[in-house]
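Worksheet: one structure, shown below.
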Amino acid sequence: MSDVMWKARVESALSGVGRDVNELARQAKAYLAGLDTTERLVLLGLVAIGLFYFVLVYFQRREDEEKAGGHFMGLMFVLVALAAGAGWTISGLSA
C-alpha cells in the first residue's frame with residue numbers, strides 16, 4: 013500500500029475518534045446537567061477520593077515499596093462508590 017493510502021486511513025480513523033470523543037463529552041455534559049446537588053456532591057467526593065488514591069500511590073512508590081495505604085484508599089474508594097450506588101438505587105425505588 014502506498015503512503016497516501018495509509019495516510020488517508022489514519023486521517024479517517026482519527027476523525028472517527030474525534031467524533032466519538034465529542035459525542036461522549038456531549039453525553040457527559042447532559043448527564044451532569046441532569047444531576048441534583050446531592051448527586052453532584054457525591055460524584056465530586058468520589059472524584060476527590062480517586063484523585064487522592066492516585067496521588068498517594070504515586071508518592072508512596074517513590075518513597076518506599078509498601079503499598080498498604082494505597083490499597084486502603086483503593087478499598088475506601090470502592091466502598092464509597094458502592095454505598096453511593098446503593099443509596100441512589102434505594103432512594104430511586106422509594107421515590
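For the record, in the sequence shown the residue sitting at position 77 is 89 according to the numbering used here, with numbers rising by one throughout.
Every residue gets a Cβ at the ideal spot worked out from N, C-alpha and C, and that includes glycine.
In three-state DSSP terms, what is Asp48? Taking the first residue of the sequence shown as 1, we reach residue 48 at position 36. Three-state result, Asp48: coil.
Are the CB atoms of Leu58 and Phe89 within a distance shorter than 9 Å? As a working mapping, residue 89 is identified with position 77 in the sequence shown. As a working mapping, residue 58 is identified with position 46 in the sequence shown. Closer than 9 Å, so yes.
Distance check for Ala25 and Thr101, CA to CA, integer angstroms please. Residue numbering aside, residue 101 sits at position 89 when the sequence shown is read from its first letter. Residue numbering aside, residue 25 sits at position 13 when the sequence shown is read from its first letter. Going by the C-alpha atoms only, they are around 39 Å apart.
Would you mind stating whether Leu47 and Leu36 have Cβ atoms separated by less than 9 Å? Indexing the sequence shown from 1 puts residue 47 at position 35. Indexing the sequence shown from 1 puts residue 36 at position 24. No, the Cβ-Cβ distance between Leu47 and Leu36 is not below 9 Å.
Burial state of Tyr70, where buried means 16 or more other Cβ atoms lie within 10 Å: What you label residue 70 is simply residue 58 of the sequence shown in a count that begins at 1. Label assigned to Tyr70: exposed.
Nearest to Ile61 by alpha carbon, out of Thr50, Ala96, Gly86 and Glu51? As a working note, residue 61 is residue 49 in the sequence shown. Selected option, being the one with the closest Cα: Gly86.
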